[in-house]
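All remarks here apply to the structure that follows.
Protein chains: 2
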Amino acid sequence: MLARVPKRPTLQDVADAVGLAPATVSYALRGERGSDETVARVRAAAARLGYEVNPIAAALASGRSRTVAVLCGSTRDLWQQSLVAALARELMNRGWHAIVADADGHPEREDALLAQLRAQRPAGLLVAPLDPFAEQWEAVASQLPLVAIGDRLSRAPSAGAVVFDNASGVAAVFDHLAELGHRRVAVVLPRRPSTPDRPAERLVAREAKRCRMSVDLVRTPPATADRGEMTAHLAAALAPGPAGTDSPDRPTAAFCLTDSFAFGVLRAARSLDLEVPRDLSVVGFEDVDFADLAGPGLTTVDWGRDAVVGAAVGQLLTALESGRGLEVRTIAPRLVVRGTTGPAPTRR
Amino acid sequence: MLARVPKRPTLQDVADAVGLAPATVSYALRGERGSDETVARVRAAAARLGYEVNPIAAALASGRSRTVAVLCGSTRDLWQQSLVAALARELMNRGWHAIVADADGHPEREDALLAQLRAQRPAGLLVAPLDPFAEQWEAVASQLPLVAIGDRLSRAPSAGAVVFDNASGVAAVFDHLAELGHRRVAVVLPRRPSTPDRPAERLVAREAKRCRMSVDLVRTPPATADRGEMTAHLAAALAPGPAGTDSPDRPTAAFCLTDSFAFGVLRAARSLDLEVPRDLSVVGFEDVDFADLAGPGLTTVDWGRDAVVGAAVGQLLTALESGRGLEVRTIAPRLVVRGTTGPAPTRR
DNA sequence: TTGAAAGCGTTACCAA
DNA sequence: TTGGTAACGCTTTCAA
Numbered sequence: 204m205l206a207r208v209p210k211r212p213t214l215q216d217v218a219d220a221v222g223l224a225p226a227t228v229s230y231a232l233r234g235e236r237g238s239d240e241t242v243a244r245v246r247a248a249a250a251r252l253g254y255e256v257n258p259i260a261a262a263l264a265s266g267r268s269r270t271v272a273v274l275c276g277s278t279r280d281l282w283q284q285s286l287v288a289a290l291a292r293e294l295m296n297r298g299w300h301a302i303v304a305d306a307d308g309h310p311e312r313e314d315a316l317l318a319q320l321r322a323q324r325p326a327g328l329l330v331a332p333l334d335p336f337a338e339q340w341e342a343v344a345s346q347l348p349l350v351a352i353g354d355r356l357s358r359a360p361s362a363g364a365v366v367f368d369n370a371s372g373v374a375a376v377f378d379h380l381a382e383l384g385h386r387r388v389a390v391v392l393p394r395r396p397s398t399p400d401r402p403a404e405r406l407v408a409r410e411a412k413r414c415r416m417s418v419d420l421v422r423t424p425p426a427t428a429d430r431g432e433m434t435a436h437l438a439a440a441l442a443p444g445p446a447g448t449d450s451p452d453r454p455t456a457a458f459c460l461t462d463s464f465a466f467g468v469l470r471a472a473r474s475l476d477l478e479v480p481r482d483l484s485v486v487g488f489e490d491v492d493f494a495d496l497a498g499p500g501l502t503t504v505d506w507g508r509d510a511v512v513g514a515a516v517g518q519l520l521t522a523l524e525s526g527r528g529l530e531v532r533t534i535a536p537r538l539v540v541r542g543t544t545g546p547a548p549t550r551r
Numbered sequence: 204m205l206a207r208v209p210k211r212p213t214l215q216d217v218a219d220a221v222g223l224a225p226a227t228v229s230y231a232l233r234g235e236r237g238s239d240e241t242v243a244r245v246r247a248a249a250a251r252l253g254y255e256v257n258p259i260a261a262a263l264a265s266g267r268s269r270t271v272a273v274l275c276g277s278t279r280d281l282w283q284q285s286l287v288a289a290l291a292r293e294l295m296n297r298g299w300h301a302i303v304a305d306a307d308g309h310p311e312r313e314d315a316l317l318a319q320l321r322a323q324r325p326a327g328l329l330v331a332p333l334d335p336f337a338e339q340w341e342a343v344a345s346q347l348p349l350v351a352i353g354d355r356l357s358r359a360p361s362a363g364a365v366v367f368d369n370a371s372g373v374a375a376v377f378d379h380l381a382e383l384g385h386r387r388v389a390v391v392l393p394r395r396p397s398t399p400d401r402p403a404e405r406l407v408a409r410e411a412k413r414c415r416m417s418v419d420l421v422r423t424p425p426a427t428a429d430r431g432e433m434t435a436h437l438a439a440a441l442a443p444g445p446a447g448t449d450s451p452d453r454p455t456a457a458f459c460l461t462d463s464f465a466f467g468v469l470r471a472a473r474s475l476d477l478e479v480p481r482d483l484s485v486v487g488f489e490d491v492d493f494a495d496l497a498g499p500g501l502t503t504v505d506w507g508r509d510a511v512v513g514a515a516v517g518q519l520l521t522a523l524e525s526g527r528g529l530e531v532r533t534i535a536p537r538l539v540v541r542g543t544t545g546p547a548p549t550r551r
């Protein structure tokens with residue numbers, strides 16, 4: 204048995220108080236019609252009674268709502284966590300409500316959550332997709348304004364998107380590492396069985412070739428409640444081979460495509476007694492708020508979270524409020540260098 | 204002009220399909236009534252049509268909803284950010300929806316946001332209050348099940364709460380610092396003009412006296428978009444006095460009552476060229492996920508976020524679903540020592 | 001400028 | 001077990 208929401212004054216109560224019809228009151232409160240005098244009287248009465256429209260009834264009657272659903276892949280990822288927080292804040296500031304859901308790293312959960320969210324009849328959708336290739340997106344986007352963040356939804360041309368200029372970002376990172384003298388770099392990226400064709404991998408391959416560097420691809424499962432798992436996985440990938448070899452038998456730099464991976468690498472390095480950045484240079488691809496504090500010298504690519512949030516919320520609400528179409532906007536990267544170093548001389 | 208939410212099959216459509224009355228269908232779908240045969244037929248038809256109840260209409264008709272409003276003081280604070288994310292996740296997992304709002308550090312905004320949230324007619328409220336002494340809470344709590352997190356709402360006896368055993372936590376921190384030989388500690392705590400009487404301050408005074416330590420109270424405004432402000436404020440408080448004095452003219456340890464303050468202190472220390480923990484031991488009062496990575500040796504008090512979330516969501520939903528009353532639950536602290544050191548010998 | 005009345009898609013009461 | 005029917009509180013057409 205669910206508790207009843209308590210009774211509050213209704214439109215009818217206000218109408219009775221001023222001796223007008225509910226319709227008139229409704230229009231007056233919304234400033235859509237009515238003489239100045241009526242509007243003033245109605246507003247005064249509403250204020251006196253402590254009346255506030257019931258958004259549920261309003262939504263039912265009008266078929267519209269001021270709620271936006273936010274669906275993200277995993278708030279265990281700090282970048283996404285802060286993204287969701289910032290999206291909710293921005294929506295609120297603009298007079299909208301956010302209802303949030305978190306697939307917690309499970310692509311298959313994305314569908315179920317999406318269904319749940321849509322059942323709440325939001326006016327629009329903001330999605331940081333786990334699986335941007337899924338079929339479902341087109342069905343959703345054709346019915347509801349949808350803006351994807353981070354990945355374009357390849358099957359849903361009607362959806363808007365805010366994407367990162369990964370090409371520039373990856374190039375900047377490889378340039379930086381090459382300049383420091385690294386020859387072998389571990390690239391830590393998500394392992395997503397259902398999305399075979401990530402452009403990130405192609406970009407990495409291309410840039411590595413351009414910079415004549417060899418790459419260890421380290422496919423890593425997303426962060427879960429148990430962080431030890433990821434640390435162990437990454438430690439295995441970064442560990443030096445058997446002793447006695449004369450060349451560095453391990454990558455001297457790690458390029459992490461997600462901040463949670465970067466933190467994982469820092470932990471793995473610690474467990475291997477590798478000092479960062481002396482023994483291992485670590486570069487993150489998302490600049491979270493305290494990247495400057497995470498170990499000494501975590502170099503990152505900053506995508507400007509505020510720009511991302513502004514672009515996503517901005518275009519969604521514009522579409523909602525004035526019917527403008529959705530588009531794909533691209534965010535430019537900025538490399539924030541914090542004490543990355545070249546490969547350790549003793550290992551050369 | 205807001206976009207219309209697209210038309211979907213309704214209860215009536217299902218009723219037509221099976222040749223029954225809407226009421227019967229409604230009961231059947233909820234498993235409240237109906238012969239096994241009817242229920243099966245109805246369910247099949249609903250599935251075939253892709254019918255899903257409209258929660259808006261259901262909420263209007265029944266006066267109940269499966270939505271919980273979450274209001275927090277500031278998601279710029281990482282502990283709160285992760286708390287909100289975890290609350291939303293837990294609610295979702297239990298079949299409820301979260302609508303979230305963030306006062307962004309402004310106590311006066313708390314009222315307005317609360318009004319907005321309540322207008323959405325949530326079934327219950329989860330609050331990490333900025334101003335636990337505000338009058339408004341009682342009015343809210345008497346109408347809606349409310350669980351406060353972090354502070355008991357002193358004026359709202361009907362609200363539940365999940366509070367931290369600050370007495371034990373503060374005592375543990377002072378014991379730890381005293382044992383290391385610190386004699387003067389900076390205590391970094393929020394500056395909240397409207398809440399004159401924080402027990403934390405009394406606790407700090409008491410424990411400092413017990414351990415014969417002197418305390419510098421550093422009242423600090425909450426984190427904002429501009430982090431430089433906080434760093435400067437804290438640097439001023441931690442800076443050594445004029446050179447040539449023989450005793451340490453600054454605190455040798457900082458005890459931060461909020462994680463964002465701890466990060467601020469780490470940044471301030473860096474700007475002052477103080478090495479942590481050699482020149483300054485830093486203790487945080489909230490254990491965020493990557494506290495282990497934030498500079499070398501950030502000792503923290505861990506309150507077990509999962510325990511907090513479980514206690515808060517658990518008791519709220521129990522109250523909502525089975526009418527049980529709300530209560531005050533207390534979370535015990537655990538000191539996580541990560542390389543804190545005593546005062547630097549050269550300063551003794 | 002105002003108002004009557006018909007929805008919106010459910011749930012819940014009371015008869016059948 | 002089933003089905004009318006009246007809410008729920010608002011918005012919106014259409015008349016006045």
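Here the protein sequences come in this chain order: A and B.
Position one of the first sequence corresponds to residue 204 (our numbering), numbered consecutively onward.
Position one of the second sequence corresponds to residue 204 (our numbering), numbered consecutively onward.
Idealized CB from N, CA, C, for every residue including glycine.
So which of the options has the shortest CA-CA distance to residue i?
{"i": "A220/A", "options": "S474/A, R541/A and A248/A", "result": "A248/A"}
{"i": "R355/A", "options": "T434/A, F377/A, A331/A and A374/A", "result": "A331/A"}
{"i": "G513/B", "options": "L290/B, P480/B and C459/B", "result": "L290/B"}
{"i": "P370/B", "options": "A411/B, V391/B, A456/B and N257/B", "result": "What sits at residue 370/B in the sequence shown is Ala, not Pro. Checking every option, the nearest Cα to that of A370/B belongs to A411/B."}
{"i": "P310/B", "options": "G222/B, L274/B, R387/B and W299/B", "result": "L274/B"}
{"i": "G517/A", "options": "P393/A, V350/A and D305/A", "result": "V350/A"}
{"i": "A318/B", "options": "L392/B, F336/B, A272/B and L281/B", "result": "A272/B"}
{"i": "R321/A", "options": "W282/A, Q339/A, E255/A and S417/A", "result": "Q339/A"}
{"i": "L294/B", "options": "T227/B, R358/B, L329/B and F466/B", "result": "L329/B"}
{"i": "H436/B", "options": "R470/B, D490/B and D452/B", "result": "R470/B"}
Per the DSSP calculation, residue i is bridged to which residue(s)?
{"i": "I302/B", "result": "I302/A and A272/B"}
{"i": "F458/A", "result": "V390/A and V486/A"}
{"i": "I534/B", "result": "F367/B"}
{"i": "L328/B", "result": "A272/B and L349/B"}
{"i": "A497/B", "result": "A497/A"}
In chain B, what lies closer than 8 angstroms to residue i by C-beta?
{"i": "M295/A", "result": "A304, D305, L316 and Q319"}
According to DSSP, is residue i helix, strand or coil?
{"i": "A247/A", "result": "helix"}
{"i": "R355/A", "result": "coil"}
{"i": "P548/A", "result": "Any answer about P548/A is weak, because its pLDDT of 49 lies below 50 and its placement is not dependable; what the coordinates show is given next. Correct three-state label for P548/A: helix."}
{"i": "V539/B", "result": "strand"}
{"i": "D419/B", "result": "strand"}
{"i": "D505/A", "result": "strand"}
{"i": "A514/B", "result": "helix"}
{"i": "A426/A", "result": "coil"}
{"i": "D216/A", "result": "helix"}
{"i": "E577/A", "result": "Nothing about residue 577/A can be reported from this structure: the residues present for chain A run from 204 to 551 only."}
With 16 as the cutoff for other CB atoms within 10 Å, does residue i come out buried or exposed?
{"i": "G447/B", "result": "Note that G447/B scores 47 on pLDDT, short of 50, meaning its location in the model is unreliable and no value can be drawn from it."}
{"i": "S265/A", "result": "exposed"}
{"i": "S345/B", "result": "exposed"}
{"i": "S484/B", "result": "buried"}
{"i": "G363/A", "result": "buried"}
{"i": "Q215/A", "result": "exposed"}
{"i": "N296/A", "result": "exposed"}
{"i": "A262/A", "result": "buried"}
{"i": "R279/A", "result": "buried"}
{"i": "P348/B", "result": "buried"}
{"i": "G467/A", "result": "buried"}
Could you tell me which chain A residues have their CB closer than 8 angstroms to the CB of residue i, listed as they occur along the chain?
{"i": "R203/B", "result": "Residue 203/B cannot be examined here, being either before or after the span of chain B that is shown, 204 to 551."}
{"i": "L469/B", "result": "L496"}
{"i": "I259/B", "result": "I259, A262, L263, S268, Q323 and R324"}
Determine the chain B residues that contact residue i at a beta-carbon separation under 7 angstroms, and present them in chain order.
{"i": "I534/A", "result": "Neighbours of I534/A on chain B: none; closest Cβ ~18 angstroms, over 7 angstroms."}
{"i": "S285/A", "result": "Q284"}
{"i": "T278/A", "result": "A288 and R292"}
Which chain A residues sit within Cβ distance under 7 angstroms of residue i?
{"i": "H300/B", "result": "I302 and Q323"}
{"i": "F466/B", "result": "F493 and L496"}
{"i": "L255/B", "result": "Strictly speaking, residue 255/B in this sequence is Glu, with Leu absent from that position. Chain A residues near E255/B: A322."}
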